[in-house]
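Trainee: First the structure, which I've put down as structure tokens, then a few questions once you've had a look.
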Amino acid sequence: MSNLKIGVLPLFCIILAQTVKISEELGELCSEVLAHNSLQRKEKLENYNEANIQEEFADVIITTLLLAKSMNIDVEKVLEKKIEKINKFWNG
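Going by this note's numbering, the residue at position 19 of the sequence shown is 198; the numbering climbs one at a time, nothing skipped.
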């Protein structure tokens, strides 16, 4: 998404493109998860490499963080709140 430079496109276009990019990256991660579990077709299984799934996890996370940045979301703050909420649910 290097061509999505701030100032070249309106922010809403960048946000929409980043949202679509997350979907693309998630699809690639899903494909690697299937391959990891030997649930892909033969030619994809032949190309499976453990490093690929690690990269796809990173791609999903990074792309999501970039979208959050574009939308002025304080990821650290919302993660802390969410973890606190989950802990209260599970720990009473």
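The C-beta atom is built at its ideal place from N, Cα and C for all residues, glycine as well.
Is it right to say Glu-255 is buried, meaning 16 or more other beta carbons lie within 10 angstroms of its own, or is it exposed?
Mentor: Residue numbering aside, residue 255 sits at position 76 when the sequence shown is read from its first letter. By the neighbour-count rule (16 or more Cβ atoms within 10 Å), Glu-255 is not buried but exposed.
Trainee: State the start and end residues of the unbroken alpha helix (DSSP H) segment that holds Val-187.
Mentor: Your numbering for residue 187 matches position 8 in the sequence shown. No alpha helix (DSSP H) contains Val-187, which DSSP labels as neither H nor E.
Trainee: Mind checking whether Leu-246 and Thr-198 have CB atoms under 8 Å apart?
Mentor: Here residue 246 refers to the residue found at position 67 of the sequence shown. Here residue 198 refers to the residue found at position 19 of the sequence shown. In this structure, Thr-198 lies closer than 8 Å to Leu-246 by Cβ.
Trainee: Going by the CB atoms, is the gap between Leu-218 and Phe-236 shorter than 8 Å?
Mentor: Taking the sequence shown and counting its residues from 1, one reaches residue 236 at position 57. Taking the sequence shown and counting its residues from 1, one reaches residue 218 at position 39. Cβ atoms of Phe-236 and Leu-218: not closer than 8 Å.
Trainee: With a cut-off of 8 Å, does the C-beta of Ile-265 fall near any C-beta of chain C?
Mentor: The chain inventory of the structure shown lacks chain C, comprising one protein chain alone.
Trainee: Taking all protein chains shown into account, decide if Val-187 is buried (16 or more other Cβ within 10 angstroms of its Cβ) or exposed.
Mentor: Here the question's residue 187 lines up with position 8 in the sequence shown. Classification of Val-187: exposed, given that the 10 Å Cβ count is below 16.
Trainee: Work out the CA separation of Ile-232 and Val-212 for me, nearest whole Å.
Mentor: To locate residue 212, count along the sequence shown from 1; it is residue 33. To locate residue 232, count along the sequence shown from 1; it is residue 53. Using only the alpha carbons, I get a separation of about 7 Å.
Trainee: Buried or exposed: where does Ala-143 fall if 16 or more other Cβ atoms within 10 Å of its Cβ makes it buried?
Mentor: Only positions 180 to 271 of the chain appear in the structure, and residue 143 is not among them; the question remains open.
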